[in-house]
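**Student:** There's a structure below that I have some questions on.
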Amino acid sequence: MTVREVYLDNSATTRPYPEVTRAVAEAMDENYGNPSSLHRKGVEAGRAVTRARETVAASLGVTGNIIFTGGGTEAVNLAIKGLTPGRRGRHVITTVVEHPAVLNACEQLKEQGVEVSLLPVNQTGVVDPEQLRALLRDETYLVSTIYVNNEVGAVQPLAGIAAVIADFRRSGRRVFWHVDAVQSYGKLPLRPRELGVDLLSVSAHKVHGPKGVGALYAAPQTPLRPLVAGGGQEGGLRSGTENVPGIAGFGVAAAVIIREAGGTAEKMRVLKKRLVEGILAGAPGAVLNGPTCSDDDSYSAPHIANISFPGLPGEVLVHALEQHGVFVSTGSACSSRKKTGSHVLKAMGLGEPLITGAIRFSLAPVNTTEEIDYAVEKTLAVVRELRLLYG
Amino acid sequence: MYNTYLIRYGEIGLKGKNRPQFERRLMDNISRALGRVGRAKVSRVHGRLVVESEMDPALVLESLQKVFGIVGVSPALRLPLELEAVYAGALQALKDAVPGLRVPPGTPVTFKVEARRSNKSFSKTSPELNALVGGYLLDHYPGLQVDVHNPAILVRVEIREKNAFVYAGDVPGIGGLPVGSSGRALLLLSGGIDSPVAGWMAMKRGIEIEAVHFHSFPFTGEKSLEKVRELCRLLAGYTARIRLHVVHFTDIQKEIQMRCPEELRVTIMRRMMFRLSTKIAAQREALALVTGECVGQVASQTLESMRTISMVTDLPVLRPLVCMDKEEIIKRAQLIGTFATSILPYEDCCTLFLPRHPATRPAPAEAAGAEEHLAVEELLAGALEKTVTEDIKARG
Chain H
1 MTVREVYLDN
11 SATTRPYPEV
21 TRAVAEAMDE
31 NYGNPSSLHR
41 KGVEAGRAVT
51 RARETVAASL
61 GVTGNIIFTG
71 GGTEAVNLAI
81 KGLTPGRRGR
91 HVITTVVEHP
101 AVLNACEQLK
111 EQGVEVSLLP
121 VNQTGVVDPE
131 QLRALLRDET
141 YLVSTIYVNN
151 EVGAVQPLAG
161 IAAVIADFRR
171 SGRRVFWHVD
181 AVQSYGKLPL
191 RPRELGVDLL
201 SVSAHKVHGP
211 KGVGALYAAP
221 QTPLRPLVAG
231 GGQEGGLRSG
241 TENVPGIAGF
251 GVAAAVIIRE
261 AGGTAEKMRV
271 LKKRLVEGIL
281 AGAPGAVLNG
291 PTCSDDDSYS
301 APHIANISFP
311 GLPGEVLVHA
321 LEQHGVFVST
331 GSACSSRKKT
341 GSHVLKAMGL
351 GEPLITGAIR
361 FSLAPVNTTE
371 EIDYAVEKTL
381 AVVRELRLLY
391 G
Chain L
1001 MYNTYLIRYG
1011 EIGLKGKNRP
1021 QFERRLMDNI
1031 SRALGRVGRA
1041 KVSRVHGRLV
1051 VESEMDPALV
1061 LESLQKVFGI
1071 VGVSPALRLP
1081 LELEAVYAGA
1091 LQALKDAVPG
1101 LRVPPGTPVT
1111 FKVEARRSNK
1121 SFSKTSPELN
1131 ALVGGYLLDH
1141 YPGLQVDVHN
1151 PAILVRVEIR
1161 EKNAFVYAGD
1171 VPGIGGLPVG
1181 SSGRALLLLS
1191 GGIDSPVAGW
1201 MAMKRGIEIE
1211 AVHFHSFPFT
1221 GEKSLEKVRE
1231 LCRLLAGYTA
1241 RIRLHVVHFT
1251 DIQKEIQMRC
1261 PEELRVTIMR
1271 RMMFRLSTKI
1281 AAQREALALV
1291 TGECVGQVAS
1301 QTLESMRTIS
1311 MVTDLPVLRP
1321 LVCMDKEEII
1331 KRAQLIGTFA
1341 TSILPYEDCC
1351 TLFLPRHPAT
1361 RPAPAEAAGA
1371 EEHLAVEELL
1381 AGALEKTVTE
1391 DIKARG
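In order, the protein sequences belong to chains H and L. Residue numbering for the first sequence follows my numbering, starting at 1 and increasing by one per position. Residue numbering for the second sequence follows my numbering, starting at 1001 and increasing by one per position.
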């Protein structure tokens, strides 16, 4: 008996495009040289890395300054811990809805005596740029904001934040701005140069590229020190023999982003709306967390929908759905020792039953209407059955 | 290099007529354990169990220390029948035995040489060997003192037909009886800290265990099942393989949820588990059930609960941990190697099913009453039908 598979956990990871897999396999098989070698095997491998670098840069509207890393988390770490604070820098501002990579990297900064302030969010998960303005001070040297939050899909007001930071810079103070674009890359337009973003982190496996490779865009003159020391690759900022197959695959995924440019976002938004409306209509008590679908769409990512089924444990819902071949995720895993609940939902002010019963559906461009309808049908069936047992 | 190991097995020595059978089983178990890491030969020589292997002694000893039935292992050097070789060997054996002693620093290390000669054509007699080897050691190891009554190290020299053997150290084994020598029992394995320890202790008394786990997908996920498999893998390190029966418990959980009074849910759940285990035990010719129950830890582990739950089976229920403190159990789990896996947070029973106020002293009549609306036999048959059996082998 084959159960069909509807994969709706694309915020966790995505399935690589066939062309990506081909590029990776080809690089492993034929283009296996070390880019640092002097002979032509090395030169050829180096060329593959350069091509990929140019493509990733183009996908961000820049011409260079791309550092390949071992993933989005490493890029974030390089941005936050590699940035040198300058003589007066002692203060960093970030938000309560950041990914653990940002939050934990900032925790490590605290160990060095850096003060970290956290911007709060409203109940749809969005920060207020004016609150950022109030927190900026002389000693602030880094502001790190996530663009799209991975749990509820809330899109932060980058333009508003850019304006506040520009104002602050105009007064002569030097502050760097890092944007965690891991969830937004490939879904929303990203133009770091135009916004005045100094550092931007992206990850390949969230855009149908391979796992284990990511990139950090660093604007010229951004003072970075490497976290990984060694043979000096990536301009000295990330040593280690380049992951040529991974980078080649990343390049192919980036090329698709350039090609599609916005078209897929629209398609996913329509499917997402269909999914959300279908579930809310058929499951009494279900609640959409974060920005609504019919909102000013600029606040809601096209591919993420976080829905709570109050009183039902998230993990059970995940397993029940997986039995039907529908794959989703939850921030709330069952553990009697330590009930983990999403820190993002908590920051948004959600109560216990909503946090425990929160399920995240995250779409990809390959999803079809038929798949969405199937997911809605099974979700309603599973919720119905569990409600029979638990009320 | 040590390539011979003399195996001491304590308790078995007491069983006069059963001795050969136990020895054979112990030899089998040793062969299997060593066979997983390399080549070794196990044999009975002159009434003793001897292991011969060119493997790294550390590997051999590590494996032997997981075989129940072994009280001690003496790594021995197999040497040519030459006095010089015996001297060198004795010195090495002595040096290697010193670290294992618990001598207060500054006090001299005491020793004695005991030679035995079954090869009468060797040039020296046993008493001569004692003196010669003893003298050599005194000359070549500083701070050594002879003590013929209570030496810290006993250096033994055996002169046989083809070789000389020298050994001085004794590495303690885990004791117990060879797995399989006491029959078979079914372990109710939950994935928590206690049940793997209970299983290990049953194995220690020679009981071959098969595990039964109650799985309620989707209320528990694949990860909790993986955790149980890993625990079986760890326990299999002490035997060879553990058969795991995964029972489909979901339908039973749902029925209990819908038809039984809330506060008795856990009691009824446990009764159903015991009934299922009893049926599987019959199929597998197991003679007892083993659980990790301990008096007083949770509601279902009061004496009243134990009585009301275990009355549904007529098999003996072995509870090796019943009077141990949690701390002792944890220490034991750490020694066995199951603790780290047990505390991984993948629950084996969804909190959805747990009553807010579980009954702590359920009476048999209450429990029977609560089961009135359950089609018990049908549910048991259904669960057993969907039971999947897996053979979990030890690593390496």
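Think of the CB as a built atom: it goes at the ideal place given N, C-alpha and C, for glycine as much as any other residue.
1. Whose C-beta lies closer than 8 Å to the C-beta of Arg1160/L among residues of the same chain, with five residues either side of it excluded?
2. Counting only C-beta atoms, is Pro1218/L closer than 9 Å to chain H at any point?
3. Could you tell me whether the region 243 to 250 of chain H touches the region 108 to 128 of chain H, where touching means 3 or more Cβ pairs closer than 8 Å?
4. Tell me, please, whether the CB atom of Gln1257/L is closer than 9 Å to any CB atom in chain H?
5. Could you tell me how far apart the beta carbons of Met1203/L and Ile1209/L are, in whole angstroms, since I believe they sit closer than 8 Å?
6. Please say whether Arg1265/L and Leu1354/L have beta carbons closer to each other than 9 Å?
7. Determine the DSSP secondary structure at Glu1390/L, reduced to helix, strand or coil.
8. I want to verify the contact list: residues of chain L whose CB lies under 9 Å from the CB of Gln323/H, in sequence order.
9. Within the chosen definition, does the region 1135 to 1144 of chain L reach the region 1161 to 1177 of chain L through at least 3 CB pairs nearer than 8 Å?
10. I'd like the ranges of any alpha helix (DSSP H) spanning at least 4 consecutive residues and lying wholly in the region 1296 to 1354 of chain L.
11. Tell me the DSSP bridge mates of Tyr1005/L?
12. Residues in the region 1219 to 1231 of chain L with C-beta within 7 Å of chain H's C-beta atoms, listed in sequence order?
13. Would the C-beta of Ala1093/L count as close to the ligand PLP, meaning under 8 Å from any of its heavy atoms?
14. Would you verify that the beta carbon of Lys1326/L is, or is not, closer than 9 Å to some beta carbon of chain H?
15. Counting along the chain, where does the beta strand (DSSP E) carrying Asp180/H start and finish?
16. If contacts are defined as beta-carbon pairs under 8 Å, then Ala254/H and Val56/H qualify, I think. What distance do you get, rounded to the angstrom?
17. So within the region 1074 to 1148 of chain L, which uninterrupted alpha helix (DSSP H) runs reach at least 4 residues, ignoring any that extend past its ends?
18. Does DSSP put Ala162/H in a helix, a strand or coil?
19. For Ser203/H, which residues in the same chain have their Cβ closer than 7 Å to its Cβ, ignoring the five residues on either side in sequence?
20. Nearest chain H C-beta to Lys1254/L closer than 9 Å, yes or no?
21. Taking the Cβ atom as the reference point for each residue, do Ala12/H and Ser201/H lie within a distance shorter than 9 Å?
22. Comparing the C-beta of Glu315/H with each C-beta of chain L, is any distance below 9 Å?
23. When you compare the region 1310 to 1319 of chain L with the region 1271 to 1291 of chain L, are there three or more beta-carbon pairs, one atom per stretch, that lie closer than 8 Å?
24. Starting from Ala320/H, find everything on chain L with Cβ-Cβ shorter than 8 Å and list it in chain order.
25. Return the chain-ordered list of same chain residues with a C-beta closer than 8 Å to the C-beta of Arg337/H, the five sequence neighbours on each side being excluded.
26. Compare the C-beta of Leu380/H against all C-beta atoms of chain L and say whether one is closer than 9 Å.
27. Determine, using beta-carbon pairs with one atom in the region 32 to 48 of chain H and one in the region 168 to 178 of chain H, whether at least three such pairs fall under 8 Å.
28. By the criterion of Cβ-Cβ separation under 7 Å, what are the contact partners of Leu389/H in chain L?
29. Please report how far the alpha carbon of Phe168/H lies from the alpha carbon of Val287/H, in whole angstroms.
30. With distances taken between CB atoms, is the gap from Thr124/H to Thr292/H smaller than 9 Å?
31. Within 10 Å of its beta-carbon, does Asn1150/L have 16 or more other beta-carbons around it, so buried, or fewer, so exposed?
32. Quick one, are the C-beta atoms of Arg1039/L and Met1055/L less than 9 Å apart?
33. Starting from the N-terminal side, write out each stretch of the alpha helix (DSSP H) that is 4 residues or longer and does not extend beyond the region 331 to 388 of chain H.
34. DSSP puts Gly214/H in a beta bridge; with which residues?
35. Residues in the same chain with beta-carbon distance under 6 Å from Tyr1402/L, minus the five sequence neighbours each way, listed in chain order, please.
**Tutor:** With the structure as the only source:
1. The beta carbon of Arg1160/L is closer than 8 Å to those of Ser1118, Asn1119 in its chain, skipping five residues each way along the sequence.
2. With 9 Å as the cut-off, Pro1218/L counts as an interface residue toward chain H.
3. With fewer than three CB-CB distances shorter than 8 Å, the region 243 to 250 of chain H does not count as touching the region 108 to 128 of chain H.
4. Cβ-Cβ to chain H under 9 Å: yes for Gln1257/L.
5. Cβ atoms of Met1203/L and Ile1209/L come within 8 Å of each other, at about 6 Å.
6. Cβ distance < 9 Å, so Leu1354/L and Arg1265/L count as in contact.
7. Of the three classes helix, strand and coil, the one that applies to Glu1390/L here is strand, per DSSP.
8. Close partners of Gln323/H in chain L (Cβ separation under 9 Å): Phe1217, Pro1218.
9. The answer is no - the region 1161 to 1177 of chain L does not touch the region 1135 to 1144 of chain L, with fewer than three Cβ pairs under 8 Å.
10. Scanning the region 1296 to 1354 of chain L for uninterrupted alpha helix (DSSP H) segments of 4 residues or longer gives 1303 to 1310, 1326 to 1336, 1339 to 1342, listed from N- to C-terminal end.
11. The partner list for Tyr1005/L (beta bridge, DSSP) reads Val1051/L, Pro1075/L.
12. Listed by position along the chain: Phe1219, Gly1221.
13. The ligand PLP is not part of this structure, which contains no ligands at all.
14. Not an interface residue.
15. Note, Asp180/H: beta strand (DSSP E), 176 to 180.
16. Rounded to the nearest angstrom, the Cβ distance from Ala254/H to Val56/H is 5 Å, consistent with a contact under 8 Å.
17. List check, alpha helix (DSSP H) in window: 1083 to 1097, 1126 to 1140.
18. Residue state, collapsed to three classes: helix.
19. Result list for Ser203/H: Gly71, Gly72, Val182, Gly214, in chain order.
20. For Lys1254/L, the closest Cβ of chain H is nearer than 9 Å.
21. Note that the C-beta distance between Ala12/H and Ser201/H is not below 9 Å.
22. Yes, because at least one Cβ of chain L sits closer than 9 Å to the Cβ of Glu315/H.
23. Yes: at least three Cβ pairs fall under 8 Å.
24. In chain order: Pro1218.
25. Note that Arg337/H scores a pLDDT of 40, beneath 50, so its modelled location is shaky; the value from the coordinates is reported in the next line. Here Arg337/H has no same chain residue with a Cβ atom under 8 Å from its own Cβ, once five neighbours each way along the sequence are excluded.
26. No, because no Cβ of chain L sits closer than 9 Å to the Cβ of Leu380/H.
27. No, the region 32 to 48 of chain H is not in contact with the region 168 to 178 of chain H.
28. Going along chain L in sequence order, the residues near Leu389/H (Cβ under 7 Å) are Lys1254, Gln1257, Met1258.
29. Going by C-alpha positions, Phe168/H is about 39 Å away from Val287/H.
30. Thr292/H sits close to Thr124/H, with the two beta carbons spaced by under 9 Å.
31. Answer is exposed; the Cβ neighbour count stays below 16.
32. In contact: Arg1039/L and Met1055/L (Cβ atoms closer than 9 Å).
33. Here the runs fully enclosed are 343 to 347, 352 to 356.
34. Gly214/H is bridged by DSSP to Thr69/H, Ser203/H.
35. Residue 1402/L lies beyond the range of chain L shown here (1001 to 1396); nothing can be said about it.
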